[in-house]
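Worksheet for the structure shown next.
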Amino acid sequence: MTWETVIGLETHVELATKTKIFCSCTTQFGGEPNTHCCPVCTGMPGALPVLNEKVLEFAVKAGLALNCQITRRCRFDRKNYFYPDLPKAYQISQLYLPICRDGAVSLSTPAGEKHIRIHELHMEEDAGKLVHDPWLDQTRADYNRCGVPLIEIVTEPDFRTADEVVAYLEHLRSTLQYLGVSDCKMQEGSLRCDVNLSVRPAGSAQLGTRTEMKNLSSFKAITRAIAYEARRQIELLEEGKPVVQQTRRWDENKDATFAMRSKENAQDYRYFPDPDLPQLFLSEAYLERLRREQPELSPAKAARYRRDWDLPPYDVQMLTSQKALADFFEQTVALGAPPKQASNWIMGQVLGALSARGLDSRDMPLTPRTLARLIQLVQSGRLNRNTAVKVFDAVFDSDADVDAYVKEHGLEQVCDAELVEDAVAQVLADHPKSVADYRSGKEKAFGFLVGQVMRRLKGQASPPAVHAALHSRLDK
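If you read the sequence shown in our numbering, its first letter stands for residue 2, the second for the next number, and so on.
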């Protein structure tokens with residue numbers, strides 16, 4: 002029998018506000034355990050929540066970018082459950098009137114275009130974090146994360162493959178970063194994904210029994226977890242055994258999912274309207290202001306790069322994939338660098354340097370002004386490309402002055418025709434066999450002679466000048 006995998010996602014995104022959703026505690030990542038919390042976010046008796054207006058603004062902006070319908074009258078609800086990472090024993094969330102509903106995005110995947118429906122987007126507060134210490138056989142609670150503002154984006158079960166899931170999450174991450182509503186740093190838990198997965202016979206319209214894999218925080222883990230869980234469910238069904246609806250965790254070391262608890266339904270949480278928070282009424286003027294503030298997103302930016310600068314599709318895709326990278330590129334071009342040259346340097350040297358250092362493009366030490374100046378020195382003939390790459394490597398971490406570095410290390414390109422002629426004459430005299438090889442039709446000998454001249458001039462000669470001088474003597 003052929004089986005089909007059916008997947009829906011619940012993506013939790015931490016918002017980039019300075020303070021928490023219902024209190025003034027910092028949202029800064031890290032910090033000593035239990036130092037970023039107060040009576041409100043730990044649910045002390047008598048403490049009352051007050052909504053952070055920026056959270057509402059960010060949620061609406063995300064909803065608009067994901068083509069959602071904005072709920073003009075919405076409210077918060079209490080989601081009740083008892084767990085050590087939630088000290089007040091309920092989470093403030095939205096069930097009955099979420100801020101955004103009925104959205105959709107279109108994706109480009111290896112199999113073609115894919116349309117993904119978004120069921121809803123709602124605001125809620127994050128829970129704390131449990132730290133398990135196997136050596137001491139203890140579990141400790143850190144409540145710093147309690148009350149950090151989240152939006153949860155829930156899709157319809159429209160995914161069929163892991164490739165589609167990753168393409169959607171990449172699109173979502175890019176969109177939210179362009180909006181400035183989240184940094185989406187998966188390694189810090191700013192973007193976490195719950196994967197709801199079931200399998201069914203190919204061609205069937207009936208959904209199978211689903212399981213939920215919680216808090217997956219890397220594309221690699223998501224891809225592997227989907228592959229394992231689909232295989233596990235298919236094996237159960239082919240053996241005549243039922244799939245149990247449950248919440249499962251992904252174990253990276255064992256490359257497998259394991260049951261945590263039976264899967265809850267909405268009624269298990271006993272939702273009811275939060276009595277401490279009033280309903281929200283959004284005016285058309287408020288929504289119109291947020292629409293006007295929406296920035297240029299990745300698809301529009303990509304279209305502009307192709308139209309205005311005639312950049313190839315691959316360049317455009319790479320440059321617009323991250324807002325910080327696109328900003329860096331545009332600022333470099335604005336400082337006078339030719340667009341294609343700036344693109345080549347960024348996709349080659351810049352991304353290579355970031356990867357080697359394990360850095361995100363948002364943490365780049367090099368400034369656009371430094372890269373633009375380096376490109377200008379190559380364009381003007383003062384540096385050849387190989388030397389420029391060495392200068393780039395030397396100044397990347399410190400963003401040092403390119404001109405000062407070139408002068409201090411005597412790297413400026415040799416353009417003196419007499420010096421080049423002298424070096425060529427000496428190389429030809431030293432390598433008569435290579436001269437004879439070239440004149441007998443062996444083109445590789447020419448490359449060898451070019452290398453020897455460049456070596457003699459310490460790599461600082463102008464390659465066109467060296468080529469011209471060699472041809473002048475060899476082709477007589």
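For glycine and all other residues, C-beta sits at the position ideal for the given N, C-alpha and C.
For residue j and residue i, the rounded distance between their alpha carbons
i      : j      : result
Phe449 : Asn387 : 17 Å
Arg308 : Leu352 : 24 Å
Arg118 : Ala373 : 42 Å
His13  : Ile152 : 6 Å
Gln295 : Leu180 : 7 Å
Ala335 : Ala301 : 19 Å
Ala163 : Met319 : 21 Å
Pro433 : Lys459 : 22 Å
Ser441 : Leu475 : 11 Å
Gly44  : Asn216 : 24 Å
Leu16  : Thr28  : 9 Å
Leu237 : Thr210 : 12 Å
Tyr287 : Thr321 : 29 Å
Arg174 : Pro274 : 31 Å
Tyr406 : Gln377 : 15 Å
Tyr169 : Ser109 : 9 Å
Leu281 : Lys115 : 34 Å
Val244 : Gln234 : 6 Å
Ser381 : Gly31  : 47 Å
Lys268 : His172 : The residue asked about is misnamed: residue 268 is Gln in this sequence, not Lys. Rounded to the nearest angstrom, the two C-alpha atoms are 32 Å apart.
Val56  : Met124 : 8 Å
Pro340 : Tyr306 : 9 Å
8 Å CB neighbourhood of residue i in its chain, flanking five on each side removed
i      : result
Gly47  : Pro40
Ser218 : Met187, Gln188, Gly190, Leu192, Arg193 and Cys194
Met365 : Ala325, Phe329, Val351 and Leu355
Thr140 : Pro85, Leu131, Val132, His133 and Asp134
Leu122 : Ala60, Ala63, Gly64, Leu67, Cys69, Pro99, Ile100, Cys101, Arg102, Gly104, Ile152, Glu153, Ile154 and Val155
Thr36  : Asn145
Gln95  : Cys75, Arg76, Phe77, Asp78, His123, Met124 and Glu125
Beta-carbon separation (whole angstroms), residue i vs residue j, contact threshold 8 Å
i      : j      : result
Trp4   : Val200 : 5 Å
Ala63  : Leu177 : 6 Å
Leu384 : Leu412 : 7 Å
Phe83  : Val51  : Phe83 to Val51, Cβ: 25 Å. No contact.
Cys75  : Asp103 : Actually they are not in contact, since the Cβ atoms of Cys75 and Asp103 sit about 14 Å apart, beyond 8 Å.
Ile93  : Ile71  : Between Ile71 and Ile93 the Cβ distance is about 20 Å, and since that is not below 8 Å, they are no contact.
Glu54  : Leu291 : Incorrect: roughly 12 Å between the Cβ atoms, too far for contact.
Pro369 : Gln332 : 4 Å
Lys21  : Pro150 : 6 Å
Val454 : Ala430 : Actually they do not touch by this definition, with Cβ atoms about 12 Å apart.
Met261 : Arg249 : 6 Å
Ser344 : Leu298 : Incorrect: roughly 20 Å between the Cβ atoms, too far for contact.
Contacting residues, own chain, Cβ-Cβ under 7 Å from residue i (five flanking each side not counted)
i      : result
Ala257 : Tyr229
Cys38  : Cys26, Tyr144, Asn145 and Cys147
Glu253 : Ala222
Asp316 : Ser344 and Met348
Ala327 : Lys302, Leu320 and Thr321
Ala231 : Thr6, Leu198 and Val200
Ala389 : Leu375, Leu378 and Val379
Met2   : Pro202
Per DSSP, cross-strand counterpart(s) of residue i
i      : result
Cys194 : Thr12 and Leu217
Asp78  : Ser94 and Pro274
Trp4   : Pro202
Gln139 : Asp134
Leu108 : Lys115
Val155 : Glu11 and Glu121
Thr27  : Thr20
Cys100 : First, the residue type needs correcting, since residue 100 is Ile and not Cys in the sequence shown. Note: Ile100 sits in no beta bridge, so no partner.
Gln70  : Arg102
Cβ shell of residue i (< 6 Å), same chain only, five flanking positions each side left out
i      : result
Leu283 : Arg73
Asp277 : Leu49 and Pro50
Pro158 : Val7 and Gly9
What are the complete beta strand (DSSP E) segments, minimum 3 residues, inside the region 219 to 299?
-> 247 to 252 and 257 to 263
At 3 residues or longer, and completely inside the region 301 to 348: list those beta strand (DSSP E) runs for me, N to C.
-> none
Taking the runs of the alpha helix (DSSP H) that are 4 residues or longer, which of them lie wholly in the region 376 to 451?
-> 386 to 396, 403 to 409, 418 to 431 and 433 to 440
Which whole runs of the beta strand (DSSP E) in the region 28 to 56 are 3 residues long or more, in chain order?
-> none
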